[in-house]
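J.: Can you read through this structure? Questions will come right after.
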Amino acid sequence: MNRQFRRKNHYLPQMYLKNFTDEQNQLHSYRLLVSHDQVHKWKRTSVEGFAYHDNLYTYHTEQGETDAMERWFHQEVEQPVEKALEKVVTDAQMTPNDWKNLIRFTMALDLRTPARMIQDMKRRNDTLPDFLNKSLPESFQEFQSLSNEEKANIAHKEKDDLFPFQIRVDQKRENPVLEVCITNGRSLWLGTIKSHLTQTLPKVINQRWTIVHPAQGLTWFTSDFPVIRLNYYRKGKYDFQGGWGNSGSELMLPLSPIHLLYTRVGSKKPWLRGTRLPFDLTQHIQKIIAEHAFCWFIAHKEDQEVSRLRPRVVNSQKFEAEKKFWEEWHSFNQQAEQSFWQE
């Protein structure tokens, strides 16, 4: 039986976005980059038609094109968290397993957005060359100690569907040469996500989390980069380079207009679930959410505070450049992935 190939990939799952819809099940979205002044600041849209890119998670393997990652997200991350999200918005009691599923969902949401992809690819572009230059000499010495048969067996050994890392051996020379090839693109990004969710998450899953409410009269909005990893140093001094295992980092995620998931790494005494935060702290967190947004704000109603916190940018050239990037996203990565498997 043929199954439908899932090309429409929501980087903000629809079950998450539904928590921010209005009475007509519509989202209110605010774009931070627009092509001209006449674009309306707020746009109403459906959950299905928002926060996705075609083929964001599609990739090529030796057998051809696959939507395995999109299906993996659905089966391993989204389906298990459905009951937990329902309990969050209804303030129902949650089991330890609900919390585990919610934290897994949060880590996935931290890793799977376009903003995080661009951030991680830039970091790898900056760090991979030095890393390989430092690690290859030692690897080459180990390689030289092998027999010719063992050297030959290394070729293609390290190929993996989601880790475009390949060891090749040039045996045309008298002394075989070791080559290491890696592609910093979609497959490596997706492989890193899966690695974090299967290997890193179990090491941090027992961190103490809570869910808090905004001050009376205020609400939470969210963005297309919704999971915040905050390092707070002093008043007015903070950054978004916090980590899941960094003691003192604060992790937070708006889950609905009145629910915010929160933890401080290493803290054993978070706020009690259901705590209503003071007015000034609520406003400060709103400011942090706004500063962390990538391209979009999402809310259950038009919120004029958003435009004050992050005025939009009107720039037709940047707008067209962004549009072109996503139009070419799939074909660019498709060519790189196909070339990797054809070598």
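Taken in order, the sequence shown gives residues 406 to 748; the numbers are from the numbering used here. Ideal Cβ placement from N, Cα and C applies to all residues, glycine included. This one's a predicted model, so the numbers in the text were calculated from it and none came from an experiment.
State whether the segment 618-634 contacts the segment 693-701, with contact taken as three or more CB pairs (one from each stretch) at a distance under 8 angstroms.
T.: The segment 618-634, when compared against the segment 693-701, does touch it at the 8 angstroms Cβ threshold.
J.: Do you know offhand how far residue 417's Cα is from residue 483's?
T.: Roughly 11 angstroms separates the two Cα atoms.
J.: How is residue 612 classed by DSSP in three states: helix, strand or coil?
T.: Coil, per DSSP.
J.: Assuming contact is defined by CB atoms lying nearer than 7 angstroms, are residue 516 and residue 415 in contact in what I supplied?
T.: Not closer than 7 angstroms, so no.
J.: Round the Cβ separation of residue 664 and residue 493 to the nearest angstrom and send it over; I've been treating them as touching at under 8 angstroms.
T.: Yes, they are in contact, since the Cβ atoms of residue 664 and residue 493 sit about 5 angstroms apart, within 8 angstroms.
J.: Taking 8 angstroms as the threshold, find out whether the segment 467-480 comes into contact with the segment 425-443 through three or more Cβ pairs.
T.: No, the segment 467-480 is not in contact with the segment 425-443.
J.: Entirely within the segment 623-711 and at least 3 residues each: give me those beta strand (DSSP E) ranges in chain order.
T.: Counting only runs of 3 or more, we get 633-639, 642-644, 655-661, 664-669 and 701-704.
J.: Suppose the cutoff is 7 angstroms on Cβ atoms and the five residues either side in sequence are ignored; what does the same chain contact list for residue 727 look like?
T.: Answer for residue 727: 438, listed in chain order.
J.: Specify whether the segment 732-741 and the segment 663-681 touch according to this definition: at least 3 beta carbon pairs, one from each stretch, less than 8 angstroms apart.
T.: Cβ pair count under 8 angstroms is below three, so no.
J.: CA-CA distance, residue 440 and residue 710?
T.: Near 22 angstroms, if we compare the C-alpha coordinates of residue 710 and residue 440.
J.: Please say whether residue 588 and residue 473 have beta carbons closer to each other than 7 angstroms?
T.: The answer is no: Cβ separation not under 7 angstroms.
J.: Shortest alpha-carbon distance to residue 648 belongs to which of 658, 611, 633 and 716?
T.: Cα-wise, what sits closest to residue 648 is 633.
J.: Is the CB-CB distance between residue 620 and residue 680 below 7 angstroms?
T.: In this structure, residue 680 does not lie closer than 7 angstroms to residue 620 by Cβ.
J.: Return the chain-ordered list of same chain residues with a C-beta closer than 8 angstroms to the C-beta of residue 447, the five sequence neighbours on each side being excluded.
T.: Here the set comprises 433, 434, 435 and 707.
J.: How big is the Cα-Cα spacing for residue 563 and residue 412?
T.: With a pLDDT of only 47 at residue 563, under the threshold of 50, the placement of this residue in the model should not be trusted, and no figure is reported.
J.: Kindly identify the DSSP beta-bridge partner or partners of residue 447.
T.: DSSP lists 435 as partners of residue 447.
J.: Please report the residue range of the alpha helix (DSSP H) in which residue 430 lies.
T.: Counting along the chain, residue 430 falls outside any alpha helix (DSSP H), and DSSP gives it neither H nor E.
J.: How big is the Cα-Cα spacing for residue 452 and residue 705?
T.: Near 11 angstroms, if we compare the C-alpha coordinates of residue 705 and residue 452.
J.: Return the Cβ separation of residue 624 and residue 662 in integer angstroms, given the expectation that the two are a contact with Cβ distance under 8 angstroms.
T.: Going by Cβ atoms, the distance from residue 624 to residue 662 rounds to 4 angstroms, so yes, they are a contact pair.
J.: When the Cα of residue 652 is compared with those of 641, 637, 658 and 526, which residue comes out closest?
T.: Looking at the Cα atoms, 637 is the closest of the given residues.
J.: How would you call residue 426, buried or exposed, if buried means at least 16 neighbouring beta carbons within 10 angstroms?
T.: Counting Cβ neighbours within 10 Å, residue 426 comes out buried, since at least 16 surround it.
J.: Using CA coordinates, which residue listed in 486, 552, 461 and 497 is at the minimum distance from residue 521?
T.: It is 461 whose Cα lies nearest to the Cα of residue 521.
J.: Report, in whole angstroms, the separation of the C-beta atoms of residue 693 and residue 635, which I expect to be a contact under 8 angstroms.
T.: About 7 angstroms; that satisfies the 8 angstroms criterion.
J.: Could you check the C-alpha separation between residue 464 and residue 592 for me, to the nearest Å?
T.: Each residue's alpha carbon lies about 6 angstroms from the other.
J.: Helix, strand or coil for residue 414 per DSSP?
T.: If DSSP states are grouped into helix, strand and coil, residue 414 belongs with the strands.
J.: Give me the DSSP bridge partner(s) of residue 464.
T.: Residue 464 pairs with 471.
J.: Going by the CB atoms, is the gap between residue 606 and residue 512 shorter than 7 angstroms?
T.: Going by C-beta atoms, residue 512 is nearer than 7 angstroms to residue 606.
J.: Determine the burial state of residue 443: buried for a count of at least 16 other Cβ atoms within 10 Å of its Cβ, exposed for fewer.
T.: So residue 443 counts as exposed.
J.: When DSSP labels each residue in this structure, what does residue 452 get in the three-state scheme?
T.: DSSP places residue 452 in coil when its eight states are reduced to three.
J.: Relative to the alpha-carbon of residue 596, which residue among 683, 676 and 525 has its alpha-carbon at the smallest distance?
T.: Looking at the Cα atoms, 525 is the closest of the given residues.
J.: Suppose contacts are defined by Cβ-Cβ distances below 7 angstroms. Is residue 746 in contact with residue 467 by that definition?
T.: Contact: yes.
J.: Who are residue 718's beta bridge partners in DSSP?
T.: Answer is 438, bridged to residue 718.
J.: Work out the CA separation of residue 716 and residue 670 for me, nearest whole Å.
T.: Residue 670 and residue 716: Cα-Cα distance of roughly 32 angstroms.
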